[in-house]
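Here's the structure, in structure tokens; my notes come after.
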Amino acid sequence: MLAGGEFNLGSPKQIGQIFFEKLQLPVVKKTPSGAPSTDEEVLQKLAEDYPLPKILLEHRGLSKLKSTYTDKLPRMVNAKTGRVHTNYAQAVAVTGRLSSNEPNLQNIPVRTAEGRRIREAFIAPPGSKIVSADYSQIELRIMAHISGDPSLMRSFAEGEDVHRATASEIFGVTPIEVSNDQRRIAKVINFGLIYGMSAFGLASNIGISRDAAKLYIDRYFQRYPGVANYMEETRTKAKRDGFVETVFGRRLWLPEINGGSGPRRQGAERAAINAPMQGTAADLIKLSMIAVQDWLEASKIESKMIMQVHDELVLEVPEAELPEVRKRLPELMCGVAKLKVPLVAEVGVGNNWEEAH
DNA sequence: AGGTTAAGCGCG
DNA sequence: AAAGCGCGCTTAACCT
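Residue numbers for the first sequence follow this note's numbering, so the first one is 274 and each next one is one higher.
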């Protein structure tokens, strides 16, 4: 119930009316349906010139945490077990990932300090710890494997900081000379490549001109010609065959790659570039889950595999079994396939999921 | 009353 | 015309 003078902060339409009609704030961008957007990016921009957007952003962040996690998760605790039990869907995500629902435990907050307090609520019983093991840079490693690019393969073979190495190549400085800004830009480029990002996308993401963004991308492809080749070959193959596939042969069909409108086709091209990497990562962690479960059962220890979050496995481990699990878990994860670059898994231990991360 | 869509945002 | 992949969940608005 809203009292007089209050308004509903959760409604984009009402925000739009107040911000853009009453207060006459500039419309930064529009939603697909043509309404003025009030999303986070827009509010960040408006916050440079007006006080209200910042307050709204804080409210949005906190109400998201409350409505989705703090209010909901306690209600979903199973009375018999005293735990929350998610469901994993095995045939939903087109790339071969699992998805998680009721509740979704694959989007528990981690990026903000307030959000991490929710992660702290995931605890082990007395005498046990939470153990988390996640693949390091898995999709970039797969890109190195599929493309066979010499520089990228060397980065991983040498155990380098891959974003720093990329910055060093793009900006023509030695790795130790790479600035924080240069590394940040290189990281955006590395991730952007996995998603098929264009010069336009890179420019708007890091706040530079399209021409400057194009120069960075050109420079990247100059230094990593194998990656440029992969991008082109993947587009060609997708158009010729109508599908792309993971390293293990699971296919993603792309009916719109040759037909449809320009935007749909371009969307299909980005999906074609991303799917072999995202999908191969999904294949690898599925192999890991099988290997880990087989090991747990064969070795007759009490540790249990309790969650999967795309590139991460979470186990509940009695303290006595910690040394063994710490050692064996990453070995199993890294040993499920021999790619052209090493696989690396990082292990953490804690009293709760946040500590283990 | 109940279902669907749009917008937004949490994660990898 | 759009511009970065893949998901699930919440709220408000809209529809039957």
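Where a beta carbon is used, it is the ideal one built from N, C-alpha and C, also for glycine.
- Between the Cα of Ser375 and the Cα atoms of Val357, Ile391, Pro326, Pro549, which residue gives the shortest distance? The residue you asked about is not Ser; residue 375 is Glu in the sequence shown. When only C-alpha atoms are compared, the closest one is Val357.
- Evaluate Arg370 with the Cβ neighbour count: other Cβ atoms within 10 Å of its Cβ, from every protein chain shown; 16 or more gives buried, anything less gives exposed. buried
- Item | Gly445 (DSSP reduced to helix, strand or coil) | Three-state DSSP puts Gly445 in coil, outside helix and strand.
- Task: Entirely within the region 587 to 617 and at least 4 residues each: give me those alpha helix (DSSP H) ranges in chain order.
- Result: 595 to 607
- Item | Separation of Val435 from Phe429, as counted between CA atoms | 7 Å
- Take Ala472 and list the residues in its own chain whose beta-carbon comes closer than 7 Å to its own, dropping the five residues that flank it on each side. Listed in chain order, the non-local C-beta contacts of Ala472 below 7 Å within the same chain comprise Arg483, Ala486, Lys487, Ile490, local neighbours out to five positions each way being set aside.
- Message: Going by the DSSP bridge assignment, what does Asn404 pair with across the sheet?
- Response: Per the sequence shown, the amino acid found at residue 404 is Val instead of Asn. Beta-bridge pairing links Val404 to Leu588, Val622.
- Message: Would Glu589 and Ile403 be called neighbours here (beta carbons separated by less than 8 Å)?
- Response: yes
- From Arg599, Glu529, Phe395, residue whose alpha carbon lies closest to that of Asp514: Glu529
- Task: Return helix, strand or coil for Glu505, following the three-state DSSP convention.
- Result: Assignment of Glu505 by DSSP, reduced to helix, strand and coil, places it in the helix class.
- By Cβ distance below 8 Å, which residues in the same chain neighbour Val620 in space, the five residues on each side in sequence not counted? Val404, Ser405, Ala406, Arg599, Leu602, Pro603
- Query: Leaving out five residues before and five after Leu612 in sequence, what residues of the same chain have Cβ atoms less than 6 Å from its Cβ?
  - Reply: His418
- Task: Apply the 10 Å Cβ neighbour rule to Asn463 and answer buried if 16 or more other Cβ atoms are within range, or exposed otherwise.
- Result: buried
- For the putative contact between Leu378 and Met580, defined by C-beta atoms under 8 Å, what is the C-beta separation to the nearest angstrom? 6 Å
- Message: Can you tell me which residues form a DSSP beta bridge with Gln581?
- Response: Leu586
- Does the count of Cβ pairs from the region 493 to 505 and the region 565 to 577 closer than 8 Å reach three? In this structure the region 493 to 505 does not lie against the region 565 to 577, because fewer than three pairs of beta carbons, one per stretch, are closer than 8 Å.
- Query: If you draw a straight line from the alpha carbon of Ala440 to that of Lys460, how long is it in whole angstroms?
  - Reply: 8 Å
- Message: At 3 residues or longer, what runs of the beta strand (DSSP E) sit wholly inside the region 515 to 547?
- Response: 516 to 518, 524 to 526
- Task: Could you check which residue in Pro549, Ala629, Glu585 has the C-alpha nearest to that of Leu595?
- Result: Ala629
- Taking all protein chains shown into account, do 16 or more other C-beta atoms lie within 10 angstroms of the C-beta of Gly552, making it buried, or fewer, making it exposed? buried
- C-beta contact flag for Val500 and Asp422 at 8 Å: yes
- Hey, out of Val609, Ser534, Met504, Val301, whose CA is closest to Val315's CA? Val301
- Task: Would you kindly work out how many angstroms separate the C-alpha atoms of Gln539 and Tyr408, rounded to a whole number?
- Result: 30 Å
- If you drop the 5 nearest sequence neighbours on each side, which residues of the same chain put their C-beta closer than 7 Å to that of Phe280? Confidence at Phe280 is low in this model, with a pLDDT of 43, below 50, so the placement of that residue should be treated as unreliable; the coordinate-derived value is given next. Within the same chain, Phe280 has close Cβ partners Gln287, Ile291.
- Query: Is the CB-CB distance between Leu335 and Glu387 below 8 Å?
  - Reply: Leu335 places its beta carbon less than 8 Å from that of Glu387.
- Can you tell me the Cα-Cα spacing of Leu275 and Val582, whole angstroms? Below a pLDDT of 50, predicted positions are generally treated as unreliable, and Leu275, at 33, falls in that range; the measurement from the model is reported next regardless. Distance between the alpha carbons of Leu275 and Val582 is about 39 Å.
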